[in-house]
Structure formats: structure tokens, C-alpha cells
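**Student:** Let me give you the structure first, and then I'll get to my questions.
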Amino acid sequence: MFPGWQGDVPAETTCFWQTDIHSHLVPGVDDGVSTPEQALDCLQQLAAGGIRHVITTPHVSQDWFPNTRDTLLTGLTSLRQLVADHQLPLTIDMAAEYLVDDLFLDLLHADQLLSFGPERYVLFETGWASAPHFLNEILFHLLAQGYQPVLAHPERYTYYHDQLKTLDELRSKGCLFQLNWGSLTGRYGRRVKTQAQRMLRQKWVDFIGSDAHRPSDLAILPTLIASADYEQLRQQPLRNQSLLGLSSIPPTESLC
């Protein structure tokens, strides 16, 4: 854990983007934290690292994590109480990380996706084996229904590692990209780090996120802040700060 998280932290040890848009901090609903104590540890570390607004994004998928809105809202209420009880200097909101599958398509057609921000950003992932052949069609329908698609950690998909043209085409169709900050520290291996650095050179990073699943995932933030890539992040069209303090789910709704 960062030392002295309760008070102000020197600027050189904190990130500048202030909002984390990708994490798995609702206990017990996916492969993220399993207990409130783990969630608290993560939130304390995020606060110590300069994060002032957390949009946590539990997995939603048909086969592995068929979470419902009501289940996730109950979890959000508990997290907000945790923040209040421990007087953490941050606010917390929730969306989801959707796997592109039949459940996702059903929720899209019903206009029931959990989004974040006034732009109705929707965070989605495409699976590890191969990209869905109908991804362009999905992007079209998301945009047509007023959502703004955000592809989670494109640097981690090996099928895109030598396909910068394909990624460029996705961007031209309105898809934004979210980079995992651990990718720039080598957490996922050399190839992923190289791809993340390619994205930096292209200025393709619209959001950066922790993708924290457990407290140990957050120990890498000081390494990133001390790296040369950190300065490259300042040159990106990052939208994280535009979400600071905004809430897609009001406290009254999360209590229902």
C-alpha cells in the first residue's frame, strides 16, 4: 500500500488522470475481489495514488458472470458505504465490462446496458481467442442507440498485435480504446507492453484504467509514474478527468 494514504500525497507519487474507469471491486460477483476487506484495500491504494473517482466495472457475460443490474446495484451500495465509513477521499460509481456475447446483444437491443458518463460510454471486451466477425455491426448498433463504445485493453488481444490497421479501422468507426496501466509496466509480458507503447505513439489511448482484480494489482502504479511512458500518457487524448465527480447511478438508485 502507498504510505500515508489518509492525507495529501506528494504530487510526484500520484497519477494525473484522477478517475479510474476499469476495475472489479464489487465483492463476489466476478473474478475480482472476494471480500469487503479486499475492496477496501484496493480503494485505499487508488486514493493514495491520486484517484478521486472510481467507476468500477464488474464482468457481465452469459456463461461466466450473468450479473444483473439489481445484483450489481446492491454491490455498489455496499461499496459506497465502505467509502463513507472509512472517509476515503474519493467517490465511487459503477458500470460494467461486457463480453460480446448473446447476453450483451440482448441487453443492447433492450437498451439496458450499464454505461458511464454523459456520453453513455460502454466498456466491452471481445474475448481472448479471436475478434468477433460482427464487431463492426455491433459498433454501428451501439452508436445508433446513443452509446459510445470503449474497447477494454486492446493491447492485450494477441490477434491485434500485428494489426494496427485493424485497430485504426475500429477507431474510424467510432470505437474508443481503454489501456490497462499495468500493460506499460510489463505486467502482462513484453509483447503486450510493446503493443501498449505502439498505441501511445499513435495517440490512441482515450482512457486508462487499473483493471484491478485484487489489491496486489495496484502495486505497479509507482513504477508507471516513474517511467518514460508516463510522460507519453500526458500526450494522449485521455477522457478520464472529464468524468471526475460525475455519477451515472445516483445514491438514491443504488439504495433501491
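Letter 24 of the sequence shown, counting from 1, is numbered 97 in the working numbering, and no numbers are missing. Virtual Cβ for every residue (Gly too), placed ideally from N, Cα, C. Please read all numbers here as calculations on a predicted model, not as lab measurements.
1) Taking the alpha-carbon positions, what's the Gln275 to Pro191 distance?
2) Considering Cα atoms alone, identify which of Leu224, Thr231 and Lys266 is closest to Thr246.
3) Taking C-alpha atoms, which residue in Arg125, Thr108, Tyr232 and His234 lies nearest to Thr164?
4) Going by DSSP, what residue range makes up the alpha helix (DSSP H) through His126?
5) Have a look at Thr86 and Leu119 and give me their C-alpha separation to the nearest angstrom.
6) Measure how close the beta-carbons of Val173 and Ile128 come, nearest whole angstrom, since I'm counting them as under 8 Å.
7) Could you tell me whether the Cβ atoms of Asp184 and Gln218 are closer together than 8 Å?
8) Using the DSSP secondary-structure output, state which residues sit across from Leu208 in a beta bridge.
9) Can you tell me the Cβ-Cβ gap for Gln221 and Ile94, rounded? I've got them flagged as a contact below 8 Å.
10) Please report the straight-line C-alpha distance between Leu316 and Gln91, rounded to a whole angstrom.
11) What's the C-alpha gap between Gly200 and Arg263?
12) Among all the DSSP beta bridges, which residues are the ones paired with Glu198?
13) Beta-carbon separation of Arg287 and Gln117 under 8 Å?
**Tutor:** Walking through what the data contain:
1) Counting from one through the sequence shown, the residue named residue 275 turns up at place 202. Counting from one through the sequence shown, the residue named residue 191 turns up at place 118. Distance between the alpha carbons of Gln275 and Pro191 is about 26 Å.
2) Position 173 of the sequence shown, counting from 1, holds the residue named residue 246. Reading off the sequence shown, one finds Lys at residue 246, where the question assumed Thr. Nearest of Leu224, Thr231 and Lys266 to Lys246, Cα basis: Leu224.
3) Position 91 of the sequence shown, counted from the start, is the residue given in the question as residue 164. With distances taken between Cα atoms, Thr164 lies closest to Arg125.
4) Stepping through the sequence shown from its first residue, residue 126 is reached at position 53. That residue, His126, is in no alpha helix (DSSP H); its beta strand (DSSP E) goes His126 to Thr129.
5) Locating residue 86 in the sequence shown gives position 13, where the first residue counts as 1. Locating residue 119 in the sequence shown gives position 46, where the first residue counts as 1. Their Cα atoms are separated by approximately 12 Å.
6) Stepping through the sequence shown from its first residue, residue 173 is reached at position 100. Stepping through the sequence shown from its first residue, residue 128 is reached at position 55. So it is not a contact: roughly 20 Å between Cβ atoms.
7) Here residue 184 refers to the residue found at position 111 when the sequence shown is read from its first residue. Here residue 218 refers to the residue found at position 145 when the sequence shown is read from its first residue. Closer than 8 Å, so yes.
8) The residue labelled residue 208 in the question sits at position 135 within the sequence shown. None; Leu208 has no bridge partner.
9) Numbered from 1 along the sequence shown, position 148 holds the residue referred to as residue 221. Numbered from 1 along the sequence shown, position 21 holds the residue referred to as residue 94. So it is not a contact: roughly 12 Å between Cβ atoms.
10) For this step, residue 316 is matched to residue 243 along the sequence shown. For this step, residue 91 is matched to residue 18 along the sequence shown. Leu316 and Gln91: Cα-Cα distance of roughly 9 Å.
11) For this step, residue 200 is matched to residue 127 along the sequence shown. For this step, residue 263 is matched to residue 190 along the sequence shown. If I take the Cα positions, the gap works out to 20 Å.
12) Numbered from its first residue, the sequence shown carries residue 198 at position 125. Glu198 pairs with Leu172.
13) Sequence index remark: in the sequence shown, residue 287 carries index 214 (1-based). Sequence index remark: in the sequence shown, residue 117 carries index 44 (1-based). No, Cβ-Cβ distance for Arg287 and Gln117 is not below 8 Å.
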